[in-house]
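Colleague:
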Amino acid sequence: QTEFRLIRTLFVSLASSKMDTETKDVTLSDTGSELQYMTGFGNEFQSEAIPGALPVGQNNPQKCPYDLYAEQISGTAFTMERGSNLRSWLYRMTPSVEHEPFVFDEANDTGKLLSNFGAIRGDPNQMRWNPLPVPESLVSVDFIDGMATMAGSGDASSKSGLAIHMYAANKSMDSRVLQNSDGDFLIVPQDGTLTVQTELGILKVSPREICVIPRGIVFRVMLLDERVRGYILEVFNRHFVLPSLGPLGANGLANPRDFLYPVAAYEEPGEPTQSMILVNKFCGSLFQCRLRRSPFDVVAWHGNYAPFKYDLERFCAMGTISFDHPDPSIFTVLTCPGTVPGEATADFVIFPPRWMVGENTFRPPWFHRNTMSEFMGMIYGSYDAKVGFQPGGASLHTCMTAHGPDKATFDKASNAELKPEKFEGGLAFMFESAAILKATPFALSAEFRDRDYQSCWNGFSPARLR
43 QTEFRLIRTL
53 FVSLASSKMD
63 TETKDVTLSD
73 TGSELQYMTG
83 FGNEFQSEAI
93 PGALPVGQNN
103 PQKCPYDLYA
113 EQISGTAFTM
123 ERGSNLRSWL
133 YRMTPSVEHE
143 PFVFDEANDT
153 GKLLSNFGAI
163 RGDPNQMRWN
173 PLPVPESLVS
183 VDFIDGMATM
193 AGSGDASSKS
203 GLAIHMYAAN
213 KSMDSRVLQN
223 SDGDFLIVPQ
233 DGTLTVQTEL
243 GILKVSPREI
253 CVIPRGIVFR
263 VMLLDERVRG
273 YILEVFNRHF
283 VLPSLGPLGA
293 NGLANPRDFL
303 YPVAAYEEPG
313 EPTQSMILVN
323 KFCGSLFQCR
333 LRRSPFDVVA
343 WHGNYAPFKY
353 DLERFCAMGT
363 ISFDHPDPSI
373 FTVLTCPGTV
383 PGEATADFVI
393 FPPRWMVGEN
403 TFRPPWFHRN
413 TMSEFMGMIY
423 GSYDAKVGFQ
433 PGGASLHTCM
443 TAHGPDKATF
453 DKASNAELKP
463 EKFEGGLAFM
473 FESAAILKAT
483 PFALSAEFRD
493 RDYQSCWNGF
503 SPARLR
C-alpha cells in the first residue's frame, strides 16, 4: 500500500484566535488512535499544519504566509443567509485550477453509476438484495470502480433528488482521487475500515461509523483491510444537518459535540504525482484528468464546509416508556431538508441497540404504507422485524408499497412475554426520502437480488370476526 508522508497538526484548535501547534510526520498506514480531530457539528473551524500558515484577520491577503495560494470552496450560494452559508478558505501549495483538461472516461463508464432517474420506470414491488459481492482477489477494484447505484430519484444536473449506491472494493485508490460534483456523499461502511484522505485532512472510518464528504471536496479511499463493503447516500440539492429536536428538548439523538472534523494535513513537496488522476463525477458520468500536483497540498484551512465523521454508537436513542412503538423518525441521525417543511430529501435513520419496555405493545416495526420511500441496510447482526435480512444486504419499499414484519416475527412478537428487554443483536439503518425511489436496471437484474423476498409475508390468516 502506497504511503504518503504527511505533516499535520496534533493540537486541535476550535477558537478563532491563533494557537500554538505541534507538527509530526505520519503515514496513511499509521491512521489509528493518533489521528486528531476537531469537534462540533457545523462549527467554524481553523487548522494549520505549520504554525503561522493561516492569515491573521483576513481571508485573502496580497501575499499569503509561506507564499501559499488562498482558495475558497463554497458549498452554498454567496447570498444564503448567514446561518446556512457554507464555505471554507484553503491555503494550498498550488491552486487547484492547475490540471490538464477533463476527458470523458469512456473506458470506466459501465452504466452502474446514475444521477438522472427521469427515464427509469418505477417498480412498486417490495425488493431485497443479499450482500453486494466483494471482488475476487484476482481482480483489483478500488472505491470508484466498486460503486453501483441501487436506487434514486431526480437529477443531479438540476440539483434535485438523491441517489443510493453500494460499494465493494479490494484495492486502495493509490493513483486516483475523486471529486464528486453531483452532491454530498454519506458513506456507511459495513465491512472493512477506510482511511479517507481529503483536501482538508484525514478521517479513519470503521464499520459502526459514518463519514460525510461534501460536494466538490477531493478525496481518496485507502483500505486498511483486504476488502471493504458498504453503502452511500448521495444528496443532490442541499446538505446534511442535524434534525430539530422539538419537544425532546436541547439534548439527545446525535449530539453535536460527537461529530469529528479533520485537522490540516498535506503531502510534502517532491512526491511524484505524474500518475495522479483526478476523477470528476459530473452529472453521473466520470471524467478524468492528469494532475501535475498533489490535490492534498492544503497546509491550512478555516471555515465550516468540511468533511466529518460520526460514531453511531454515540447515538442517544429515544423511545417509549409507556406504550406503542414510536415512529422511526425518532432515530434520525442526519437529515437533508427538502422543499416542503417536514419532508426530507433524505433522512439517515438507524435502529441501534436499545431498551424496549412498551406495555401491551407490538414491539417490532408495525405494518406500514408510507408516502416516504424506505431503503434499508444492515451493518451487523439481525433486524428485529425480518428473518433473513443479512449484513451487507439491502431492501427497498418505495412510496406506498406495503411492508412490515414477516410471519415468523409477527407470531413471535404477538405472543411474547412483555418484560423489559434490551435489543442489542444488530444495527440496521434506513435512507428515507420524500421522493419516489426507483430501483436501477443494475439493481433489478442483479444476481444477488432476493427474488423470493415477498414470500416472507405468506401465511397470514384472516382475522376472525365471529
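So for the sequence shown, the working numbering puts the first residue at 43; every next one is plus one.
Where a beta carbon is used, it is the ideal one built from N, C-alpha and C, also for glycine.
(1) If distances are taken between C-alpha atoms only, which option among G258, P407, G468, A388 comes closest to G434?
(2) For T121, does the three-state DSSP call read helix, strand or coil?
(3) Can you give the beta carbon distance from P304 to P249, rounded, assuming they're within the 8 Å contact cut?
(4) Taking the alpha helix (DSSP H) that D453 falls in, what are its first and last residues?
(5) If we count Cβ pairs, one from each stretch, closer than 8 Å, do we get three or more for the segment 255-267 versus the segment 360-372?
(6) Could you say if the segment 369-377 and the segment 193-207 meet the contact criterion of at least three C-beta pairs nearer than 8 Å?
(7) Out of curiosity, what's the CA-to-CA distance linking N346 and L242?
(8) Evaluate contact between the segment 489-499 and the segment 386-394, counting only Cβ atoms and requiring at least three cross-stretch pairs below 8 Å.
(9) Tell me the DSSP bridge mates of H344?
(10) Measuring CB to CB, does A211 end up less than 8 Å from D184?
(11) Taking DSSP as the reference, what is the three-state secondary structure of D300?
(12) Between V145, A306, P298, V277, which has its C-alpha nearest Q509's C-alpha?
(13) Report all residues from its chain with a CB closer than 7 Å to the CB of R280; omit the five preceding and five following residues, and keep chain order.
(14) Taking C-alpha atoms, which residue in M360, F338, M215, L333 lies nearest to P289?
(15) Find the nearest neighbour of N227 within the set T440, M189, A444, judged by alpha-carbon distance.
(16) Name the two residues that bound the continuous alpha helix (DSSP H) containing S126.
(17) Less than 8 Å separating the beta-carbons of G164 and T482?
(18) Relative to the C-alpha of A477, which residue among H141, N412, I92 is closest?
(19) The beta strand (DSSP E) with F417 in it runs from where to where?
(20) Go through its chain and collect everything with a Cβ distance to G326's Cβ below 7 Å, but skip five positions before and after it.
(21) Less than 8 Å between the C-beta atoms of Y352 and F301, yes or no?
(22) Alpha carbons only, please: which of H410, D448, A436 is nearest the one belonging to D18?
(23) Pull up the DSSP beta-bridge partners for D233, would you.
(24) Would you identify the three-state DSSP class for D226, choosing helix, strand or coil?
(25) Quick one: residues in its chain with C-beta nearer than 7 Å to the C-beta of L245, no 5 flanking neighbours on either side, listed in chain order?
(26) Once the 5 residues before and after N172 are set aside, which same chain residues still bring their CB inside 7 Å of it?
(27) Could you tell me how far apart the beta carbons of Q232 and R262 are, in whole angstroms, since I believe they sit closer than 8 Å?
(28) Measuring CB to CB, does H207 end up less than 8 Å from I255?
(29) Should F417 be counted as a contact of the ligand ADP given a C-beta to heavy atom distance under 7 Å?
(30) In whole angstroms, what is the alpha-carbon distance linking T315 and R218?
(31) Buried or exposed, going by whether 16 or more other CB atoms sit within 10 Å of the CB of A505?
(32) Please go through the same chain and pick out, in chain order, the residues whose beta-carbon is closer than 8 Å to the beta-carbon of R356, but skip the five residues on each side of it.
(33) Leaving out five residues on either side along the sequence, give the residues of the same chain with a beta carbon under 6 Å from the beta carbon of T362.
(34) Can you tell me the Cα-Cα spacing of L354 and L287, whole angstroms?
(35) Quick check: the Cα distance between M135 and Y111, rounded to an integer number of angstroms?
(36) Which residue comes first and which comes last in the alpha helix (DSSP H) that contains L486?
Modeller: The answer reads as follows:
(1) G468
(2) coil
(3) That pair is no contact at about 19 Å.
(4) 449-456
(5) no
(6) no
(7) Straight-line Cα distance between these residues: approximately 11 Å.
(8) no
(9) Q88, W131
(10) Yes.
(11) helix
(12) In the structure as shown, the chain begins at 43 and stops at 508. Residue 509 is therefore absent and cannot be evaluated.
(13) Scanning its chain for C-beta atoms nearer than 7 Å, with the 5 sequence neighbours on each side dropped, one finds around R280 the residues C378, P379, T387, in chain order.
(14) M360
(15) A small fix is needed here, since residue 227 is Phe in this sequence, not Asn. Of the listed residues, the one whose Cα sits closest to F227 is M189.
(16) Taken as a continuous stretch (DSSP letters only), S126 belongs to no alpha helix (DSSP H), as it is neither H nor E.
(17) no
(18) For the residues H141, N412, I92, the minimum Cα distance to A477 belongs to N412.
(19) 415-423
(20) L155, L156, S157, N158, A198, D224
(21) Note that the C-beta distance between Y352 and F301 is below 8 Å.
(22) In the structure as shown, the chain starts at 43 and stops at 508, and residue 18 therefore has no counterpart that could be examined.
(23) R271
(24) Residue state, collapsed to three classes: strand.
(25) Answer for L245: V238, C253, P304, P349, K351, listed in chain order.
(26) Setting aside the 5 residues that flank it on each side, N172 is surrounded in the same chain by Q432, G435, F490, D492, each with a C-beta closer than 7 Å to its C-beta; the list follows chain order.
(27) Their Cβ separation, rounded to whole angstroms, is 20 Å, which puts Q232 and R262 out of contact at 8 Å.
(28) no
(29) The ligand ADP is absent from the structure shown, which contains no ligand whatsoever.
(30) With a pLDDT of 46 at T315, under the threshold of 50, the predicted position of this residue should be treated as unreliable, though the coordinate-derived value follows. Distance between the alpha carbons of T315 and R218 is about 10 Å.
(31) Exposed is the call here.
(32) A296, N297, D300.
(33) Cβ within range, chain order: P368, G400.
(34) 18 Å
(35) Rounded to the nearest whole angstrom, the C-alpha separation of M135 and Y111 is 6 Å.
(36) Per DSSP, L486 is one residue of the alpha helix (DSSP H) stretching across 483-487.
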